[in-house]
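K.L.:
Following this message is one structure expressed as structure tokens.
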Amino acid sequence: MQDIQISIGQQFYSKDYDETLQVHSIREQPNPKIYLSGTSSNREVTLYKSDIVRLLNEERLKEVNTPKKSLNTDILNSFMGDLAWGNDTEMNRLKQVYLSFSPQERDFVDKNAVREGANSIEEVFEKVLSKDEKEKLENKINNFLNTVKQMETTEQKEAKQQPTIDLQIGQKLHYQEDVFEVTKFAKDKNGQDMVILKDPSIGSGIEIPWYRSKLEEVINNGQYKLAEINPIKQMNTAEQEVAEKFKEMPKELYPLAKAYALSEDQEFDNYNADWGNTKSDKIEAYKALKQNFPEEVVKSVEKMVDDNTYTQSKEVNKVYVANIVGILDNIEQQQSQNNDVKVGQKFQFKESNSVLEVVKIDKNAHRDGSDELTMKPIGVNVGNQEFNWSKLALDTAIKEGKVVEITQQQAQSSPQLSEQQSNQLNYLKNQVKYLGLGEDTKLHKNLENAILSPEDKVTVRADYNYPDRLMKGNTVSFDLNLTKTEQGGVFLNSYRANLTTKNGEERSQTFKVQKENNITAKEAINLLEGRSVKIEHDVVNKETGELSRTESFIKLNMKEPKTDYGNYKYEWYNKNAYGVDIDNIMQKSNLTFANDIERERTKKHLEKGNITQVTFQQENRQIQGFAVLNPQWKMLNLYDSTMNRLTIQNQLVKPEVTQSQQKNNVPEHSISR
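Quick note on our numbering: the sequence shown kicks off at 41 and runs consecutively.
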């Protein structure tokens, strides 16, 4: 089997895991990276396409016939929200994310980015964007999409203009940890030149056909490299003296020092440039990077760079500030070439968080001419499986920051997450993100500690970092309830929202967390602040016993005592049986809208229980104010711009369903969204 077509939703049975794995994302590149997840567990697996081909040949994977899965709209919606909020630095990262999407995913983003971006902003500020704000957002997103597509087209044109590569039989190409050998040249049925590469790591060697033009393109853009060690640049006396000083700096701080040097260089260029020609990409990149380091570390790195560099006038025993980058590159190259690996050394792979130990070294035995390292995972349930790596590939990964050495002291003091635990942590991070709790570093660390904890049940406190989304004076926190299984799974089953009003009254409620349609953190706040929220739920027809899906508005009954579980009882107002027609309610309240899109967004905010900014007619004049849905009375509670309650005469209607009828609308199943 030389090649297969892999698509999102495709399934493979894994003998190693005794489980079916399903493709949920594909990163398109010369050797595509495939992301799979277990269909019966939280297992996450990442493989290159070449790995899948090899495992299929070894019969450790078996393709399962299954219908294609629909797009993962949760991830795409999150991306579009980031796009709406992103600054210039964030946009550079998002460009790479967009380019990694499949054509179907890109098409989805192109069609929905403006609408979903506006929804994200309106959700935070709880108001409808003005016409100017919408146009500004639309221009921002359209400029992003045009720029990234032009960037891709430019890269393709540049690749075509690159000089041809004089490939020869027996020549070796290096791609990450893999080395391929040119075995022969051929032509396809249309006469196009082909290059046949051999991957010796798969059995007796599998042949992989490439179009020559495409292979030359990935060589020219640096994705594939002719296997060779680049010579170290000779440094002058001043550079050598500065290099000796920087060798004392921990190498994990090199990226920070490089970024600071480049930002200082750009600051100097801006000082001498016309206002219209100034740039800020390197300055912003450094500002973003230094947020990941303690303040005292940042200051020490900046002082080290400042003490050994100049910008305007040349100084003795100093180098121009931008030259720090080349000096640090040289140090890293020297260290990687002189860094002897020993049996027993441990290395951590950042992407998977797995740790591998060197168990055997064969001098100069690898295909690329460097030492061949036999490495075995530790802390990961993979049996006696071993991996062969080249010393050159390891040095490259260390230089790129993808791999770090684990010292003996670190191994003893810092417990490492297993591959399964790392996957679980990433899954929990996404769960709390989509619940609306953000991506707080402290919360992520507490989740990691909970996974490592020996306790079967762990509660993690999550602070809420969006005070503007609460009524003035209110505060809230969330307790995440995690449960562990005997098989090692870790699951977020529920969370408890704890709200304290400005008057000191404490309110709390537990909400279940399921695979979909969960009560978000903002909706939990809305409920605890006394407002109603629309949910989807199952209901059983008492006459036929049939299960069906319906929509209701729920509200917490804070007048009655709590249940034995410490929760408020719910009041239910079924959308159909109780007759809550929001379109009719908005019309009776004399709301006015610029267009249908604004109408739908206002409706959505009211259904979520938000205090929603609206415009309405009263006594022949338009009033800017706020509205809250009151499904029990089938009306809107209207407020002026300072949140003083207003009364609209034709809204005042009494509930049309008796208490006994209302109870019949309560579903027989637990709440879901």
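Ideal Cβ placement from N, Cα and C applies to all residues, glycine included.
Being a predicted model, the structure only gives us computed values, none of them experimental.
Can you grab the Cα-Cα spacing for the pair Glu372 / Phe333, in whole Å?
P.N.:
Looking at the backbone, the Cα of Glu372 and that of Phe333 are separated by about 21 Å.
K.L.:
Looking only at its own chain, which residues have a Cβ that is under 6 Å from the Cβ of Leu540, when we skip the five neighbours before and after it?
P.N.:
As written in the sequence, residue 540 is Thr, which differs from the Leu given in the question. Listed in chain order, the non-local C-beta contacts of Thr540 below 6 Å within the same chain comprise Thr515, Glu546, local neighbours out to five positions each way being set aside.
K.L.:
Just to confirm the assignment: which complete beta strand (DSSP E) runs, minimum length 3, are found wholly within the stretch 545-632?
P.N.:
546-552, 573-580, 587-597, 609-614
K.L.:
Going by the beta-carbon positions, is the gap between Lys212 and Phe225 smaller than 8 Å?
P.N.:
no
K.L.:
Apart from the five residues on each side of it in sequence, which residues of its chain come closer than 6 Å, Cβ to Cβ, to Gln51?
P.N.:
Thr60, Gln62, Val104, Thr106
K.L.:
State buried or exposed for Phe387, treating a residue as buried only when at least 16 other CB atoms are found within 10 Å of its CB.
P.N.:
buried
K.L.:
Looking at Glu563 and Val573, is the spacing between their C-beta atoms short of 8 Å?
P.N.:
At a Cβ-Cβ threshold of 8 Å, Val573 and Glu563 count as neighbours.
K.L.:
Would you check if there are 3 or more beta carbon pairs closer than 8 Å linking the stretch 454-470 to the stretch 486-495?
P.N.:
yes
K.L.:
Does the beta-carbon of Thr652 have 16 or more other beta-carbons within 10 angstroms, so that it is buried, or is it exposed?
P.N.:
buried
K.L.:
Could you compute how far the alpha carbon of Asn616 sits from the alpha carbon of Gly585?
P.N.:
Our two residues, Asn616 and Gly585, have alpha carbons roughly 19 Å apart in a direct line.
K.L.:
Give me the DSSP bridge partner(s) of Met234.
P.N.:
Ala226, Tyr251
K.L.:
Quick one: residues in its chain with C-beta nearer than 7 Å to the C-beta of Gly478, no 5 flanking neighbours on either side, listed in chain order?
P.N.:
Asn505
K.L.:
Would you call Leu520 buried or exposed, if buried means 16 or more other Cβ atoms sit within 10 Å of its Cβ?
P.N.:
buried
K.L.:
From this set, Asp503, Glu445, Val498, which residue's C-alpha is nearest Lys482's C-alpha?
P.N.:
It is Asp503 whose Cα lies nearest to the Cα of Lys482.
K.L.:
Express the C-alpha separation of Ala153 and Lys89 in angstroms, rounding to a whole number.
P.N.:
30 Å
K.L.:
Where does Glu284 fall in DSSP's three states?
P.N.:
The answer is helix: DSSP assigns Glu284 an H, G or I state.
K.L.:
What does the alpha-carbon distance come out to for the pair Asn650 and Ser77?
P.N.:
Going by the C-alpha atoms only, they are around 35 Å apart.
K.L.:
Is Ala325 helix, strand or coil by DSSP?
P.N.:
helix
K.L.:
Can you tell me whether DSSP reads Ser353 as helix, strand or coil?
P.N.:
coil
K.L.:
Please state whether DSSP places Ala451 in a helix, a strand or coil.
P.N.:
Caution is warranted here: a pLDDT of 49 is assigned to Ala451, below 50, making its placement in the model unreliable, and the coordinate value is therefore given only provisionally. In this structure, Ala451 counts as helix in the three-state DSSP scheme.
K.L.:
What is the rounded straight-line gap between the Cα of Lys648 and the Cα of Val472?
P.N.:
Val472 has its alpha-carbon roughly 19 Å from the corresponding atom of Lys648.
K.L.:
Using the three-state DSSP reduction, which class does Ile209 fall into: helix, strand or coil?
P.N.:
coil
K.L.:
Within this structure, are the beta carbons of Leu123 and Phe148 separated by less than 8 Å?
P.N.:
Cβ distance not < 8 Å, so Leu123 and Phe148 don't count as in contact.
K.L.:
Looking at Ser430 and Glu412, is the spacing between their C-beta atoms short of 8 Å?
P.N.:
yes
K.L.:
For Phe184, does the three-state DSSP call read helix, strand or coil?
P.N.:
helix
K.L.:
Identify, in the order they occur along the chain, each residue of the same chain with its Cβ nearer than 6 Å to the Cβ of Asn677, setting aside the five sequence neighbours on each side.
P.N.:
Result list for Asn677: Val668, Asn670, in chain order.
K.L.:
Is the separation between the beta-carbon of Gly513 and that of Lys542 shorter than 8 Å?
P.N.:
yes
K.L.:
What are the start and end residues of the alpha helix (DSSP H) that includes Glu643?
P.N.:
A small fix is needed here, since residue 643 is Lys in this sequence, not Glu. Per DSSP, Lys643 belongs to the alpha helix (DSSP H) from 636-647.
K.L.:
Work out the CA separation of Tyr605 and Ser592 for me, nearest whole Å.
P.N.:
The straight-line gap from Cα to Cα measures roughly 23 Å.
K.L.:
Rounded to whole angstroms, what is the Cα-Cα separation between Asp621 and Glu556?
P.N.:
25 Å
K.L.:
Can you list, in chain order, the residues of its chain with a C-beta nearer than 7 Å to that of Thr318? Leave out the 5 residues immediately preceding and following it.
P.N.:
Asn310
K.L.:
Let me check one thing: in DSSP terms, what residues is Glu103 bridge-paired to?
P.N.:
The bridge partners DSSP lists for Glu103 are Phe52.
K.L.:
Tell me which same chain residues have a C-beta within less than 6 Å of the C-beta of Thr351, skipping the five on either side of it?
P.N.:
A distance below 6 Å between beta-carbons, with the five flanking residues on each side excluded, links Thr351 to the following residues of its chain, in chain order: Phe308, Val361.
K.L.:
Out of curiosity, what's the CA-to-CA distance linking Met598 and Gln672?
P.N.:
15 Å
K.L.:
In terms of alpha-carbon separation, which member of Gly384, Ser81, Tyr679 lies closest to Ile401?
P.N.:
Gly384
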